[in-house]
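Numbering (the working numbering), first residue to last: 2 to 160. No residue lacks a Cβ here, since even glycine has one placed at the ideal position from N, Cα and C. Heads up, the thing below is written out as structure tokens.
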């Protein structure tokens with residue numbers, strides 16, 4: 002069980018208490034939630050985007066939701082598309098590929114958070130590997146994202 006170096010430093014710098022929750026190896030946020038027996042609506046996942054001017058952005062939404070690029074782009078007045086995986090891997094070189102902690106501030110990235118994430122009493126997210134999640138309180142999560150944009154830009158996946 003490991004946590005990304007930058008994520009660990011960011012949580013310590015912001016005086017946020019957290020717990021690492023181990024789970025069987027998984028391949029995406031939804032399978033991490035299932036493996037850790039956590040409600041997917043409580044697990045925040047990161048989607049890395051780029052706009053028409055090359056500016057990068059992290060969109061954070063519940064694991065059981067899908068991003069609506071059109072809705073988000075309209076609200077931000079930007080033409081957004083998914084970043085190429087190779088570029089994402091380089092940005093998060095202290096993490097296993099695809100296990101991205103959804104705290105833009107830890108990686109000096111602009112971030113936007115779906116309002117649905119602040120409904121849960123606890124929030125879980127990838128620690129930087131495919132075998133552990135970070136669990137923090139709703140209060141601490143709100144503290145960490147207080148300066149970021151908050152919008153509704155996702156819809157629930159049908160499962």
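Residue from 89, 142, 71, 128 whose Cα sits closest to the Cα of residue 114: Translated into the one-based positions of the chain shown, residue 114 becomes position 113. Nearest option by C-alpha distance: 142.
Among residues of its own chain, excluding the 5 on either side of residue 97, which ones have a beta-carbon nearer than 8 Å to its beta-carbon? Residue mapping note: residue 97 aligns to position 96 of the chain shown, counting from 1. Spatial neighbours of residue 97 in its own chain (CB-CB distance under 8 Å, excluding positions within 5 residues in sequence) are listed in chain order as 129, 130, 131.
Roughly how far, in whole angstroms, is the beta-carbon of residue 25 from the beta-carbon of residue 41, given that I think they are within contact range, below 8 Å? Within the chain shown, numbered from 1, the residue matching residue 25 stands at position 24. Within the chain shown, numbered from 1, the residue matching residue 41 stands at position 40. Not a contact, Cβ separation roughly 16 Å.
Reducing DSSP to helix, strand and coil, say where residue 136 ends up. Position 135 of the chain shown, counted from the first residue, corresponds to residue 136. Under the three-state reduction of DSSP output, residue 136 falls in the strand class.
Using only the alpha-carbon positions, how far apart do residue 156 and residue 69 sit? One-based indexing of the chain shown puts residue 156 at position 155. One-based indexing of the chain shown puts residue 69 at position 68. Between residue 156 and residue 69, the C-alpha separation is close to 7 Å.
Around the Cβ of residue 100, are there at least 16 other Cβ atoms within 10 angstroms (buried) or fewer (exposed)? On the chain shown, position 99 is the one that residue 100 refers to. By the neighbour-count criterion, in which a residue is buried when 16 or more other Cβ atoms sit within 10 angstroms of its Cβ, residue 100 is buried.
For residue 134 and residue 23, I'd like the C-alpha separation in whole angstroms. Working through the chain shown from its first residue, we reach residue 134 at position 133. Working through the chain shown from its first residue, we reach residue 23 at position 22. About 6 Å.
Contacts around residue 39, its chain only, beta-carbon distance under 6 Å, and the 5 residues preceding and following it disregarded: Along the chain shown, read from residue 1 onward, the residue named residue 39 stands at position 38. Within the same chain, residue 39 has close Cβ partners 125.
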